[in-house]
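I have placed the structure first, in the form of structure tokens, so that the comments after it can refer back to it.
Protein chains in written order, with my numbering: chain V, 2 to 254; chain E, 159 to 375.
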């Protein structure tokens, strides 16, 4: 069904060289720095004015301050502490305010992670991968990313709760479309697909789990719809409610 | 000229400074040594304000204390635009009132956690942090759906209101009380927007944002 980077052979060994979604692409807005975390590593995620997304270690190489409290100027990220500047793309330090006349050494460079945009998400691979993220999705259908849900429970607990049941309506604004139990398929430890259908009309959510740490998980959702004309905002609210209920279950498990 | 009885590190006093900056109202400050001096409990200050509460303003002899009351006062008397507390939309007062109430609960949770951690105030610290996270979770959801509807601000108007000003300080200072905003990406985007309000004022622990892409550089 779905293959994202390497197939997970074992959760811990395969988890490092693997692509995970860490944000909805449209939420990585210009002149902003997203503070994300994957497998315990903090990430400063920022888009430059040309649209390129950088996924950097959230730590200034100078004094270790979080870069996510810094400034995104559109071409560079400025550290809040001593104003060191780092170039989009390379992560190379371009300017040190305390030494304005000196060219920063080539070794002064921010730690970078593999990043890519696909299927409405920004994906990060903590290793230095050669292959881009891949996710098989039904072609020719309407794709929407749902609101991502931060959950204070491990990914394995979230996946188990998901596989126990997810109910949703094809069109939540139509009374006849009452919520149905979805058919659930586990792609791998971090991917669960949920599908409901009525005749030709069908709707599938691909849940993609982002293991923030050993204890926390972000549930991302990619929705594909076929022959469903529901109001977009109503659908988003519906899945937000269903996924929030799932989060509450996982957090009390 | 308005006189503000002020403590620089108080989130509630900052709320008032931020509002006056955005309104372009000039004021003079009388700084009290609240921590560690507890000057707001001194006989001298209690003579001016028997409640001992900050912030306090003296606006041509009208004395108002408490951040929310002062926000109401300032928009009532010093906002010719009428934008900060719009009264033409009948839905707006109730919407704003809801977020002012949330601001009060943010103060009691995130704000108390910060006072506990930075100025050694007594507090049920775990309950304060848990309460702050519950409020942040609801705030993040509200702001995410606002964005999906094309709205940047808490009360759906095309511009910020006193609701944004009232909630921002306790949210932005939360990490001083051990309440991380990493789980709340929509809140983080909204705080950047607040920081780009014209004439935005910062305080210790709250930094300016970079200029927006459209702003002249």
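C-beta atoms are modelled at their ideal positions from N, C-alpha and C, and glycine is treated no differently. All figures in this text were calculated on a predicted structure; none of them were measured in a lab.
Taking 8 Å as the threshold (beta carbon to beta carbon), is residue i in contact with chain V?
i, result
"residue 175 of chain E", "no"
"residue 318 of chain E", "no"
"residue 343 of chain E", "yes"
"residue 200 of chain E", "no"
"residue 381 of chain E", "Nothing about residue 381 of chain E can be read from this structure; chain E reaches only from 159 to 375."
"residue 377 of chain E", "Since the first and last residues shown for chain E are 159 and 375, residue 377 of chain E lies out of range."
"residue 307 of chain E", "yes"
"residue 370 of chain E", "yes"
"residue 365 of chain E", "yes"
So, does the CB of residue i fall closer than 8 Å to a CB anywhere in chain E?
i, result
"residue 31 of chain V", "yes"
"residue 146 of chain V", "no"
"residue 81 of chain V", "yes"
"residue 64 of chain V", "no"
"residue 41 of chain V", "no"
"residue 51 of chain V", "no"
"residue 87 of chain V", "no"
"residue 238 of chain V", "yes"
"residue 75 of chain V", "yes"
"residue 199 of chain V", "no"
"residue 5 of chain V", "Low local confidence applies: a pLDDT of 37 at residue 5 of chain V is under 50, so the model's placement there is unreliable, with the coordinate-based value given in what follows. So, not an interface residue."
Return helix, strand or coil for residue i, following the three-state DSSP convention.
i, result
"residue 79 of chain V", "strand"
"residue 36 of chain V", "strand"
"residue 341 of chain E", "coil"
"residue 19 of chain V", "coil"
"residue 162 of chain E", "strand"
"residue 253 of chain E", "helix"
"residue 61 of chain V", "coil"
"residue 127 of chain V", "coil"
"residue 167 of chain E", "coil"
"residue 202 of chain E", "helix"
"residue 69 of chain V", "helix"
"residue 367 of chain E", "coil"
Please name the residue, chosen from the options, that lies closest to residue i on a Cα-to-Cα basis.
i, options, result
"residue 246 of chain E", "E:200, E:315 and E:228", "E:315"
"residue 232 of chain E", "E:174, E:310 and E:263", "E:174"
"residue 235 of chain V", "V:150, V:145 and V:134", "V:145"
"residue 284 of chain E", "E:267, E:356 and E:208", "E:267"
"residue 223 of chain V", "V:33, V:74, V:184 and V:119", "V:119"
"residue 258 of chain V", "V:162, V:55, V:78 and V:94", "As shown, chain V starts at 2 and ends at 254. That puts residue 258 of chain V outside it, with no answer to give."
"residue 361 of chain E", "E:165, E:161, E:159 and E:160", "E:165"
"residue 332 of chain E", "E:309, E:304, E:355 and E:263", "E:263"
"residue 148 of chain V", "E:312, E:359, E:295 and E:313", "E:295"
Taking C-beta pairs closer than 9 Å, name the residues in chain A that residue i reaches, listed in chain order.
i, result
"residue 35 of chain V", "No chain A appears in the structure shown, which is made up of the protein chains V and E."
Report yes or no: do three or more beta-carbon pairs, one from the stretch 198 to 208 of chain V and one from the stretch 165 to 178 of chain V, lie closer than 8 Å?
Contact between the stretch 198 to 208 of chain V and the stretch 165 to 178 of chain V is present: three or more C-beta pairs spanning the two stretches fall below 8 Å.
Length at least 4, wholly inside the stretch 141 to 186 of chain V: the alpha helix (DSSP H) runs in chain order
Complete alpha helix (DSSP H) runs here, min 4: 156 to 165.
Would you mind listing the beta strand (DSSP E) stretches within the stretch 209 to 253 of chain V that are 3+ residues and don't spill past its ends, in chain order?
Those beta strand (DSSP E) runs which fall completely within the stretch 209 to 253 of chain V and span 3+ residues are 218 to 227.
Does the stretch 315 to 330 of chain E come close enough to the stretch 240 to 250 of chain V to have 3 or more Cβ pairs within less than 8 Å?
With contact defined as three or more Cβ pairs closer than 8 Å, the stretch 315 to 330 of chain E and the stretch 240 to 250 of chain V are not in contact.
Pick out the complete alpha helix (DSSP H) segments inside the stretch 204 to 251 of chain E, 4 residues or longer, and give them in chain order.
Segments of the alpha helix (DSSP H) lying fully in the stretch 204 to 251 of chain E: 225 to 236.
Between the stretch 193 to 212 of chain E and the stretch 178 to 185 of chain E, can you find at least three pairs of beta-carbon atoms closer than 8 Å?
In short, these stretches do not touch, since the Cβ pair count stays below three.
Sequence ranges, beta strand (DSSP E) only - wholly within the stretch 263 to 294 of chain E, length at least 3:
Unbroken beta strand (DSSP E) stretches of 3 residues or longer found wholly inside the stretch 263 to 294 of chain E: none.
Unbroken beta strand (DSSP E) runs of length 3 or more, entirely within the stretch 76 to 118 of chain V: which are they?
Listed in chain order, the complete beta strand (DSSP E) runs (minimum 3 residues) inside the stretch 76 to 118 of chain V are 77 to 79, 86 to 88 and 94 to 96.
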